[in-house]
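Residue numbers (my numbering): 399 to 462.
Below: one structure, written as structure tokens.
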């Protein structure tokens, strides 16, 4: 049961991350492409993923 809860939390986190990334990239793709180097975009993506993963983990009652 515990592993099922973790899998659901991971799936929700991934869906939220992909949804936010899709919306952001859809609206500001040209600005990001011109202004931010590739490593900056990668860094923003990793940080965003870690924040969302942490929030979903906390929402499902996990310890930090």
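No residue lacks a Cβ here, since even glycine has one placed at the ideal position from N, Cα and C.
Keep in mind it's a predicted model, so treat the numbers as computed, not measured.
Please list the terminal residues of the continuous alpha helix (DSSP H) segment that includes residue i.
i	result
residue 445	436-457
Return the CA-CA distance between residue i and residue j, expressed in angstroms with no decimal places.
i	j	result
residue 425	residue 415	16 Å
residue 456	residue 404	11 Å
residue 453	residue 422	19 Å
residue 434	residue 410	28 Å
residue 458	residue 407	7 Å
Is it buried or exposed for residue i, if we count other Cβ within 10 angstroms and need 16 for buried?
i	result
residue 359	Not covered by the structure: residue 359. The range shown for the chain is 399 to 462.
residue 444	exposed
residue 413	exposed
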